[in-house]
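Student: Structure provided below as structure tokens; questions to follow.
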Amino acid sequence: MTTAPLGGPAVGGPAAGTDAPRGTAPRKLRVGIIISGGGSNMAALVAATKRADFPAEAVLVLSNRADAGGLAKAAAAGVPAVVISHKGFPDRERFEMALHAELVRHGVELVCLAGFMRLLTPWFIGQWKNRMINIHPSLLPAYPGLHTHARALRDGVKLAGCTVHFVREAMDTGPVVAQAAVPVLAGDTPDGLAARVLAAEHRLYPHALDLVASGRTRIVTRDDGGEHVEIRGEAEPPAAMIWPRTA
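The sequence shown runs 25 to 271 under the working numbering.
Structure below.
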């Protein structure tokens, strides 16, 4: 069994908050967020990073679409927003090389995918292995891919939710950082369930980023080749789970 620390050397430097001289503000992990659409999860992440005690800062928002609504939200929050359209490149590899170069140019240490609607190549995923997280609107490994809420309702599940995970080559796979549970209600529709799951995503993603950027997460590779995330200082209820609001 082997382990890889997150928020430390694996993401380009010491854990956030560990390398500041005494009497100065702790260093924050430099985060780049990649979007394709409205950017509501991006906005939740950026809002969290504005807190003085949050261990990460948003230094770049990238989009492959010039009409992405999240670009205006990023600009309004004072975060540099850059468009790199995939349509301007002959293949995925060269598009992703441009994305990678922009992330490196801004000194990004951790990538957050927030509604980025393009499949990434093994090359890009390899460049950012253990340094890229994604949010998905289901309790993975259940319901990877699209139409998650309709599929969950069709199957009659009682709990839906969302997952933040480290990115691996297979779609919607990788070690789970944290999850949020959302009850399925009588008479639910895909749109109604999606709206409640999205509200949970806005709570979960900043929470998961906090865990990673503060250096509390560690990826464990088991003898069978599987992986999972351990969280230091885990309390009750577990830091890796957000339960539905009761009030």
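Where is the CB? At the ideal position from N, CA and C, for every residue including glycine. All figures in this text were calculated on a predicted structure; none of them were measured in a lab.
Apply the 10 Å Cβ neighbour rule to Val200 and answer buried if 16 or more other Cβ atoms are within range, or exposed otherwise.
Tutor: That one is buried.
Student: In whole angstroms, what is the alpha-carbon distance linking Leu164 and Ala101?
Tutor: Leu164 and Ala101: Cα-Cα distance of roughly 31 Å.
Student: Ignore the nearest five residues each way along the sequence and tell me which others in Arg220's own chain have a CB closer than 6 Å to its CB.
Tutor: Counting only Cβ-Cβ distances below 6 Å, and skipping sequence neighbours, we find Val206.
Student: Within 10 angstroms of its Cβ, does Val128 collect 16 or more other Cβ (buried), or is it exposed?
Tutor: Label assigned to Val128: exposed.
Student: Pick from Lys52, Arg89, Ala82 and Arg51: whose alpha carbon is nearest that of Gly61?
Tutor: Of the candidates Lys52, Arg89, Ala82 and Arg51, the one whose C-alpha sits nearest the C-alpha of Gly61 is Arg89.
Student: Assuming Pro122 contacts Ile108 (C-beta within less than 8 Å), just tell me the rounded distance between them.
Tutor: Sequence check: residue 122 is Ala here, not Pro. Their Cβ separation, rounded to whole angstroms, is 5 Å, which keeps Ala122 and Ile108 in contact under 8 Å.
Student: Does Met156 come out as helix, strand or coil in the three-state DSSP assignment?
Tutor: DSSP places Met156 in strand when its eight states are reduced to three.
Student: Can you tell me where the alpha helix (DSSP H) with Ser64 in it begins and where it stops?
Tutor: Element bounds for Ser64: Ser64 to Thr73.
Student: Less than 8 Å between C-beta atoms, sequence neighbours within five positions excluded: which residues of the same chain meet that for Glu193?
Tutor: Counting only Cβ-Cβ distances below 8 Å, and skipping sequence neighbours, we find Pro146 and Ile149.
Student: Pick helix, strand or coil for Thr197, following the three-state DSSP scheme.
Tutor: Reduced to three states, the DSSP call for Thr197 is coil.
Student: Under 6 Å Cβ to Cβ from Phe119, same chain only, skipping five residues before and after it: list those, please.
Tutor: So the list reads His110 and Phe113, once near-sequence residues are dropped.
Student: Cα-Cα, which of Ala204, Pro214 and Phe190 is closest to Arg242?
Tutor: Checking every option, the nearest Cα to that of Arg242 belongs to Phe190.
Student: So the alpha helix (DSSP H) Gly185 belongs to, where does it begin and stop?
Tutor: Where Gly185 is concerned, there is no enclosing alpha helix (DSSP H), although the beta strand (DSSP E) it sits in stretches over Leu183 to Phe190.
Student: Just tell me which of Trp152, Ala224 and Ala96 has its CA closest to the CA of Ile59.
Tutor: Among Trp152, Ala224 and Ala96, the Cα nearest to that of Ile59 is on Ala96.
Student: Provide the residue span of the beta strand (DSSP E) that contains Ile58, from first to last.
Tutor: It spans Leu53 to Ile59 - the beta strand (DSSP E) in which Ile58 sits, taken as one unbroken run.
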